[in-house]
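Notes follow the structure.
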Amino acid sequence: MIDTKLLELGDARAVVEAAKKEAAANGWKISVCVVDAGGHPILYERMDGVAPATARISMEKARTAAIFRLATAIMEDRIPDRLGTMVLPGAAPLKGGVPLMAAGQVVGAVGISGLAPQQDHQVGEAAAAALK
183 MIDTKLLELG DARAVVEAAK KEAAANGWKI SVCVVDAGGH PILYERMDGV APATARISME
243 KARTAAIFRL ATAIMEDRIP DRLGTMVLPG AAPLKGGVPL MAAGQVVGAV GISGLAPQQD
303 HQVGEAAAAA LK
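Under my numbering, read the sequence shown as residues 183 to 314, first letter to last.
Structure below.
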């Protein structure tokens with residue numbers, strides 16, 4: 183038997199708030215999505231003024247980080263050496279998806295969209311730190 187941790191709505195809210203705080207501190211606007219370990223959305227918010235396309239992108243980044251149990255920044259950095267990464271079904275190997283950890287387990291992920299790739303990743307890392 184495996185003891186599994188579950189991400190709760192309150193946890194997701196804390197992650198979203200941390201993402202918005204990091205974005206606001208830098209004068210940025212983002213879309214943020216938190217998913218469970220299976221990649222299913224728990225909570226999503228889009229700050230005022232962010233392009234509508236960022237909604238789906240943040241969800242896909244979060245889903246990818248959750249189901250691959252890996253930050254999407256790592257996947258994106260591997261693309262030049264592993265072009266097959268670009269065609270993985272249902273994957274968005276773009277910076278901004280960060281796994282959420284509890285007791286050494288991936289319990290979900292956060293996805294950020296609306297900024298330059300490294301900035302999306304920065305906000306995602308700050309958001310994920312809300313669970314630590």
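C-beta atoms are modelled at their ideal positions from N, C-alpha and C, and glycine is treated no differently.
Three-state class that DSSP yields for residue i in the structure shown
{"i": "Gly-290", "result": "strand"}
{"i": "Arg-228", "result": "strand"}
{"i": "Asp-218", "result": "strand"}
{"i": "Pro-223", "result": "strand"}
{"i": "Ala-311", "result": "helix"}
{"i": "Arg-251", "result": "coil"}
{"i": "Ala-273", "result": "coil"}
Beta-bridge partners of residue i, as assigned by DSSP
{"i": "Leu-282", "result": "Gly-290"}
{"i": "Ser-213", "result": "Arg-228 and Ser-295"}
Alpha carbon of residue i to alpha carbon of residue j, nearest angstrom
{"i": "Arg-195", "j": "Leu-225", "result": "7 Å"}
{"i": "Met-241", "j": "Gly-192", "result": "18 Å"}
{"i": "Val-289", "j": "Met-257", "result": "19 Å"}
{"i": "Ala-233", "j": "Gly-296", "result": "7 Å"}
Residues near residue i in its chain [Cβ-Cβ closer than 8 Å; skip 5 each side]
{"i": "Gly-231", "result": "Lys-211"}
Cut-off 6 Å between Cβ atoms - residues of its own chain near residue i, not counting five sequence neighbours on either side
{"i": "Gly-306", "result": "Gly-278, Val-280, Val-292 and Ile-294"}
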